[in-house]
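Visitor: Numbering (full-length UniProt numbering), first residue to last: 1 to 596.
The beta carbon of each residue, even a glycine, is placed where N, CA and C say it ideally should be.
My questions all concern the structure below.
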């Protein structure tokens with residue numbers, strides 16, 4: 001997101017960039033990735049963007065440490081209804097698509113090992129990730145890719161690890177907001193306090209959808225042009241967080257403030273009007289285009305008619321063969337079906353139809369030849385009429401199809417007149433984005449704006465702090481850390497500071513820090529963590545441990561979830577089992593005696 005101030009020049013017209021993602025390059029791992037120890041692969045498995053790269057010290061072997069899976073698609077809007085995601089919100093559930101994503105990442109990172117990926121993997125996962133999801137992911141990594149070890153961590157905790165000073169056991173409060181949800185995570189002595197974590201099911205996806213509905217309701221004439229991709233562009237580059245939402249709305253009521261701060265988003269449009277004059281060369285070119293289109297239309301019609309005539313001719317020839325073979329009964333029945341009276345009439349019809357079929361084939365052949373020849377001579381004053389002869393029928397019939405082209409190109413010479421437009425066409429295709437600049441990102445503070453019965457960030461933050469003693473509260477608010485792509489709005493840090501000032505005691509202190517790069521710091525933090533713990537076996541899950549303890553097993557560390565194993569019901573003691581078996585045998589013996 002670009003930092004955009006609330007104020008701006010009086011004429012804020014911004015064209016939509018409609019940026020198309022460039023296909024990702026297939027990189028070469030190079031000698032840096034093949035050292036004495038296997039270099040880990042770091043994958044920030046986000047629900048909006050996936051970022052993958054080598055955990056190499058210093059500069060990365062590739063030009064960029066991330067890959068946005070799906071860049072090869074270019075524009076997403078024509079294919080958005082066909083897109084499928086491995087995620088249900090931020091939890092991977094479709095492992096078939098996850099496998100495709102991993103294949104794409106390994107291929108573009110230049111992994112060249114045969115039959116397996118012989119590098120450790122650092123993979124991000126959701127906060128309080130379900131054991132089943134981790135089990136399926138571990139099974140995919142160990143069974144399908146044959147990796148040696150894997151370590152799981154939370155993206156926001158990796159970002160926190162990257163931004164905090166080294167060799168410092170820190171406590172703090174992380175506010176992480178991404179594409180699908182927002183988390184508030186308390187950190188005590190460097191470890192996640194999972195019991196007091198809270199999640200708000202709102203993020204950038206819901207903000208983009210809300211902005212799209214607002215603008216579609218405001219501009220019903222541009223429904224198709226108001227796409228989610230363009231709404232994300234407005235959010236990333238033109239939205240901001242109001243320090244005081246109600247007070248900011250009051251400012252927008254002033255006409256002068258509105259004119260100075262509204263952003264006019266220019267939709268693409270055609271500047272040519274219906275009455276605009278064309279040069280003689282343009283008219284000639286349009287005429288030739290119409291002629292070619294008409295030739296193609298006539299060619300299709302001829303082919304369809306030829307196919308029908310050929311089928312009818314084959315039917316008549318079959319009836320004639322019945323006569324030649326002496327099958328008179330079937331021949332007379334076929335004549336009745338064809339509504340004919342005699343064999344002579346049949347023969348006459350066959351001759352006429354054969355001639356028509358042959359003539360149609362010749363016309364189709366001539367039309368194909370004429371389409372390959374340029375009907376416009378290099379010297380307009382001496383046109384080559386011989387090239388136009390095969391298309392004479394098309395030229396004669398072009399007036400029948402004139403309504404198809406008259407709206408685009410008036411064919412009758414008219415006096416040159418200046419057409420005065422009724423309205424400004426460019427202004428008609430502008431979206432005036434005013435209060436929408438603050439209404440869309442405000443939903444994480446006020447979920448009721450979109451009808452969600454959830455607490456906002458400020459209320460959730462207050463609720464979490466109230467669960468701790470005052471001394472712990474004071475410790476947590478000294479390090480409030482903001483990370484995630486949905487925290488990049490201008491004014492976000494100021495808004496969080498305002499909310500904390502209102503809920504904290506008078507003259508108490510607090511500290512709010514924004515990640516240096518809220519989008520990429522999760523990947524950089526995972527890389528730093530992998531390099532710092534490369535020789536620490538206490539944080540890496542090996543294949544042997546996976547086979548012994550199951551796919552849901554997790555080794556805890558400073559950036560991981562808390563491992564909560566599945567507790568099976570206790571088995572009955574041996575004495576209880578013996579008593580139960582004794583009662584069972586006695587009962588069976590009694591029944592046996594009765595039977596005896």
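Between which two residues does the alpha helix (DSSP H) carrying residue 163 extend?
Guide: Where residue 163 is concerned, the enclosing alpha helix (DSSP H) stretches over 155–163.
Visitor: Any idea what DSSP makes of residue 142, helix, strand or coil?
Guide: It is helical.
Visitor: According to DSSP, simplified to helix, strand and coil, what is residue 472?
Guide: DSSP places residue 472 in helix when its eight states are reduced to three.
Visitor: Relative to the alpha-carbon of residue 436, which residue among 225, 51, 541 and 245 has its alpha-carbon at the smallest distance?
Guide: Taking only the C-alpha atoms, the option nearest residue 436 is 245.
Visitor: Would residue 177 and residue 503 qualify as a contact pair, given that the criterion is a beta-carbon distance under 8 angstroms?
Guide: For residue 177 and residue 503, no; Cβs fall outside 8 angstroms.
Visitor: Smallest Cα separation from residue 526: which of 154, 330 and 514?
Guide: Per the Cα distances, 154.
Visitor: Could you check where the alpha helix (DSSP H) with residue 540 kicks off and where it finishes?
Guide: Neither: residue 540 is in no alpha helix (DSSP H) and is coded neither H nor E.
Visitor: Skipping 5 residues on each side, what residues in its chain have a beta carbon closer than 6 angstroms to that of residue 142?
Guide: So the list reads 543 and 546, once near-sequence residues are dropped.
Visitor: Within 8 angstroms, do at least three Cβ pairs link the segment 456–473 to the segment 283–301?
Guide: Contact between the segment 283–301 and the segment 456–473 is absent, because fewer than three Cβ pairs lie under 8 angstroms.
Visitor: Are the Cβ atoms of residue 98 and residue 140 separated by less than 8 angstroms?
Guide: Result yes, Cβ atoms of residue 98 and residue 140 sit closer than 8 angstroms.
Visitor: Among residues of its own chain, excluding the 5 on either side of residue 450, which ones have a beta-carbon nearer than 7 angstroms to its beta-carbon?
Guide: Correct list, in chain order: 206, 210 and 443.
Visitor: To the nearest angstrom, how far is it from the Cα of residue 314 to the Cα of residue 77?
Guide: Their backbone Cα atoms lie some 49 angstroms apart in a straight line.
Visitor: Between the alpha carbons of residue 47 and residue 473, how many angstroms are there, rounded?
Guide: Straight-line Cα distance between these residues: approximately 32 angstroms.
Visitor: List the whole-angstrom C-beta distance separating residue 55 from residue 122, where the pair is believed to meet the contact cut-off of C-beta under 8 angstroms.
Guide: That pair is a contact at about 7 angstroms.
Visitor: Got a sec: does the ligand FMN put a non-hydrogen atom nearer than 7 angstroms to the Cβ of residue 170?
Guide: This structure lacks the ligand FMN, and indeed carries no ligand of any kind.
Visitor: Between which two residues does the alpha helix (DSSP H) holding residue 620 run?
Guide: The structure shown does not extend to residue 620, since the chain is modelled only from 1 through 596, so no value can be given for it.
Visitor: Does the beta-carbon distance from residue 151 to residue 561 come in below 8 angstroms?
Guide: Cβ distance not < 8 angstroms, so residue 151 and residue 561 don't count as in contact.
Visitor: Closest by CA to residue 308, which one among 360, 17, 519 and 183?
Guide: Ranking the options by Cα distance to residue 308, first place goes to 360.
Visitor: My output table needs one value for residue 453: the three-state DSSP class, helix, strand or coil.
Guide: Residue 453: coil per DSSP, three-state reduction.
Visitor: My guess is that residue 133 and residue 92 are in contact by the Cβ rule of under 8 angstroms, so how many angstroms apart are they, rounded?
Guide: With a Cβ gap of about 6 angstroms, residue 133 and residue 92 count as contacting.
Visitor: Pull up the CB-CB distance for residue 44 and residue 523, whole angstroms please, since I reckon it's below 8 angstroms.
Guide: With 8 angstroms as the limit, residue 44 and residue 523 qualify as a contact, their Cβ atoms being about 4 angstroms apart.
Visitor: What number of angstroms, rounded off, separates the C-alpha of residue 16 from the C-alpha of residue 433?
Guide: C-alpha separation (whole angstroms): 13 angstroms.
Visitor: In whole angstroms, give me the CA-to-CA distance for residue 350 and residue 293.
Guide: Taking the straight line joining both Cα atoms gives about 34 angstroms.
Visitor: Between residue 597 and the rest of its own chain, which residues show a CB-CB distance below 7 angstroms, the 5 nearest in sequence each way excluded?
Guide: Absent from the model: residue 597. The displayed extent of the chain is 1 to 596, so no value can be given.
Visitor: Which residue spans inside the segment 297–378 form an unbroken beta strand (DSSP E) run of at least 3?
Guide: Taking only runs of at least 3 residues, no beta strand (DSSP E) segment lies wholly in the segment 297–378.
Visitor: Who are the Cβ neighbours of residue 214 in its own chain at under 8 angstroms, not counting the five residues just before and after it?
Guide: Here the set comprises 436, 439 and 440.
Visitor: Just grab the DSSP bridge partners of residue 14 for me.
Guide: DSSP output for residue 14 lists 265 as bridge partner(s).
Visitor: Between the alpha carbons of residue 538 and residue 130, how many angstroms are there, rounded?
Guide: About 22 angstroms.
Visitor: So residue 198 packs on residue 464, CB below 8 angstroms; how close in whole Å?
Guide: Rounded, the Cβ-Cβ distance is 6 angstroms, consistent with contact.
Visitor: Would you mind reading off the limits of the alpha helix (DSSP H) that contains residue 525?
Guide: Where residue 525 is concerned, the enclosing alpha helix (DSSP H) stretches over 521–532.
Visitor: Within 10 Å of its beta-carbon, does residue 81 have 16 or more other beta-carbons around it, so buried, or fewer, so exposed?
Guide: Burial call: exposed.
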